[in-house]
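Q: Our numbering runs 16 ahead of the 1-based position in the sequence shown.
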Amino acid sequence: MSVCVCVCVCVCVCVYHIFIIHSSDVGHLDLFPHLGCCEQCSNKHPCASVSCILTYIPSATRTSGKMDKPLISRRLMDSDGSLAETPSGTPKEQAVSSPEIIFVAVFREHYSSLCALSDQLAGKILVDVSNPTENEHLPHRESNDEFLASLFPACTVVEAFNVISAWTRQAGPRDGNQQVPICSDQPEAKLSVSEMVHAMGFKPVDMGPLASTREVEAMPLRLLPGWKVPTLLALGLFVCFYGYNFIRDVLHPYVQENKNKFYKLPVSVVNTTLPCVAYMLLSLVYLPGVLAAALQLQRGTKYRRFPDWLDHWLQHRKQIGLLSFFCAVLHALYSFCLPLRRSHRYDLVNLAIKQMPPPACAPAPACPSLSTPGFANKGYLWDEEEVWRMEIYLSLGVLALGTLSLLAVTSLPSIANSLNWREFSFVQSTLGFVALVLSTLHTLTYGWTRAFEESRYKFYLPPTFTLTLLVPCVVILAKGLFLLPCFSRRLAKIRRGWEKDGAVRFTVSTEHVLPEKTSHV
17 MSVCVCVCVC
27 VCVCVYHIFI
37 IHSSDVGHLD
47 LFPHLGCCEQ
57 CSNKHPCASV
67 SCILTYIPSA
77 TRTSGKMDKP
87 LISRRLMDSD
97 GSLAETPSGT
107 PKEQAVSSPE
117 IIFVAVFREH
127 YSSLCALSDQ
137 LAGKILVDVS
147 NPTENEHLPH
157 RESNDEFLAS
167 LFPACTVVEA
177 FNVISAWTRQ
187 AGPRDGNQQV
197 PICSDQPEAK
207 LSVSEMVHAM
217 GFKPVDMGPL
227 ASTREVEAMP
237 LRLLPGWKVP
247 TLLALGLFVC
257 FYGYNFIRDV
267 LHPYVQENKN
277 KFYKLPVSVV
287 NTTLPCVAYM
297 LLSLVYLPGV
307 LAAALQLQRG
317 TKYRRFPDWL
327 DHWLQHRKQI
337 GLLSFFCAVL
347 HALYSFCLPL
357 RRSHRYDLVN
367 LAIKQMPPPA
377 CAPAPACPSL
387 STPGFANKGY
397 LWDEEEVWRM
407 EIYLSLGVLA
417 LGTLSLLAVT
427 SLPSIANSLN
437 WREFSFVQST
447 LGFVALVLST
457 LHTLTYGWTR
467 AFEESRYKFY
477 LPPTFTLTLL
487 VPCVVILAKG
497 LFLLPCFSRR
507 LAKIRRGWEK
517 DGAVRFTVST
527 EHVLPEKTSH
537 V
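#1: If we ignore side chains and look at the alpha-carbon of each, how far apart do K206 and P220 end up?
#2: Which value, in whole angstroms, describes the spacing of the CA atoms of L330 and E109?
#3: Here's the rule: buried if 16 or more other CB atoms are within 10 angstroms of the residue's CB, otherwise exposed. What is A132?
#4: May I ask you to verify whether the region 172–184 touches the region 128–145, counting CB pairs closer than 8 Å and requiring at least 3?
#5: Note the first and the last residue of the continuous alpha helix (DSSP H) segment covering I510.
#6: To the nearest angstrom, report how far apart L298 and P246 are at their CA atoms.
#7: At what residue ranges does the region 170–233 contain a whole run of the beta strand (DSSP E), taking only runs of 3 or more?
#8: Report the partner residues of V143 according to the DSSP bridge assignment.
#9: According to DSSP, is K244 helix, strand or coil?
#10: Consult DSSP for L297 and reduce its assignment to one of helix, strand or coil.
#11: Should L354 be labelled buried (16 or more other beta-carbon atoms within 10 Å of its own) or exposed?
#12: Give me, in chain order, the residues of the same chain whose beta-carbon lies closer than 6 Å to that of L420; leave out the 5 immediate sequence neighbours on both sides.
#13: Report the three-state DSSP secondary structure of L290 (helix, strand or coil).
#14: Between L338 and the rest of its own chain, which residues show a CB-CB distance below 7 Å, the 5 nearest in sequence each way excluded?
#15: Less than 6 Å between C-beta atoms, sequence neighbours within five positions excluded: which residues of the same chain meet that for Q312?
#16: Determine the closest residue to T480 out of L499, L460, L493, V365, with distance taken between C-alpha atoms.
#17: Taking C-alpha atoms, which residue in K275, V209, L240 lies nearest to I118?
#18: If you check the beta carbons only, do Y491 and V306 fall under 8 Å apart?
#19: Output yes or no for whether 8 Å exceeds the beta carbon distance between A494 and L454.
#20: Can you tell me the Cα-Cα spacing of G390 and M372, whole angstroms?
#21: Hey, would you say the C-beta of F442 is under 7 Å away from at least one heavy atom of the ligand ZN?
#22: What residue does the alpha helix (DSSP H) around D363 start on, and which one ends it?
#23: According to the neighbour-count rule (16 or more other Cβ atoms, all chains shown, within 10 Å of its Cβ), is K140 buried or exposed?
#24: Spell out a yes or no on whether the region 281–300 and the region 248–265 are touching, meaning 3 or more CB-CB pairs, one atom from each, closer than 8 Å.
#25: Within the same chain, show all residues whose beta-carbon is closer than 7 Å to that of F254, passing over the 5 residues directly before and after it, in chain order.
#26: So what does K474 bridge to, in DSSP terms?
#27: Quick check on the DSSP output: the alpha helix (DSSP H) that includes V450 runs from which residue to which?
#28: Output needed for G413: all residues of its chain with C-beta closer than 6 Å, excluding positions within five of it in sequence on either side, in chain order.
#29: Just the Cα atoms here: how many angstroms apart are K244 and H328?
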């Protein structure tokens, strides 16, 4: 993508256009200026026949850490793959002979066009910023950088900047991803590029030798790899609960009472399903922690690896929690839309008609009227228990959603990096458990006594909220059980290094005079 964006700009500015940028402050230097004009371009774009080479001339000393007037020049290539001469007539050999570090932004199929400059490129550091497409990445056994290194054995090839988007290059490291993976077989070249990356405000990340570039090149090709399993989990739960609610709320009235309730499918059934999914996902965030604590208690050590399924589950807790928050927000929005439905208005009108007195009749002692106390009482609806239930139900729902919002905000990297470990643990663990408890109370007040009413079991199926309570209640009970001193103390000792089958010996510094030089934990 980096190469493609660069190529698109080359076409926009003209095939034989060249510009040079001078800057006295490297902090304000855009290494690839204006590269964000066409991020959607693929290398099958008509502009793919044009490529460019970026050269960078550092004149800084390692002692000062600053660079004096760095120079960036862009040389374009013709559609036949040959390097074009500049309008000023500067020979291409002279253009690549001066800089120490040369940025190569050329497609893989055009690498061979640079072989004519192999003598001038000897001893140079070639920084490859290219990325293959998904179709090109699979057939090739070697990465672009390994192929480039095989063509220029006298050069040192370094891979960098290929996973940084054009928007990040243009906006600067403050508004985007600051990490720049760097791969090379030469530590000196890797250090030079790392110093330049650091001077530009980015954070260099050493990814190892050039053999690791194949894995780095696959990074831009991945589409949300950490979200695949949580998304499938959320979709699976949604389909299951949606089908269950469809059977109870739509199919049962149609079969048993011959009532058409299919209009509930777009809004009502969806709104009944979303809180179930959000509640279940939230409980699945804290269930693996309970299972991990139980395994540590059973094993009596923390030095044994968790099973792979549990380890992956623990790593996906953040994504599962954010999906839970997303479903909870959708549930709140759908709930606000319920009074706007036409069916809801018809229900209100029908309810009002039922409360109206019968039509006027001839005066007779047996004919009721509005002045009759008995009939007047029938026209006034007020259920004290139901009023309190709804008030508590809504209040708990708002509190639960507010707590989930705080958890979602603190999961952002920019916010999480500003918190120390104790603050982050308090928000994600303690407040997260509070959110789970509030959601459980919210669900219980919604159900109230409906779980004990026979009419609520349609097709002998229990109400939906009773199914969602199973996993969260297990998590809450297990958390409460681990708070008991007999379990909490043992778990704290295990997490501090204690093992059931033997004591771990720690040596004490000779500066501290103690009766014993070792202690058993």
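Heads up, the beta-carbon is just placed ideally off N, CA and C, and yes, glycines get one too.
Just so we're clear, the structure is a prediction, and the values are computed from it rather than from any experiment.
A: With the given structure in hand:
#1: 10 Å
#2: 55 Å
#3: exposed
#4: yes
#5: 501–511
#6: 12 Å
#7: 172–175, 195–198, 219–222
#8: F119, V174
#9: helix
#10: helix
#11: exposed
#12: F341, A344, A451
#13: helix
#14: A424, S427
#15: K318, I510
#16: L460
#17: V209
#18: The residue you asked about is not Tyr; residue 491 is Val in the sequence shown. Closer than 8 Å, so yes.
#19: no
#20: The predicted position of G390 is uncertain, since its pLDDT is 42 and thus under 50; a value taken from the coordinates is nonetheless stated next. Answer to the nearest angstrom: the Cα atoms are 14 Å apart.
#21: Ligands in the displayed structure: none, and consequently the ligand ZN is not present.
#22: 358–371
#23: buried
#24: yes
#25: T289, V293
#26: L477
#27: 448–463
#28: H458
#29: 12 Å
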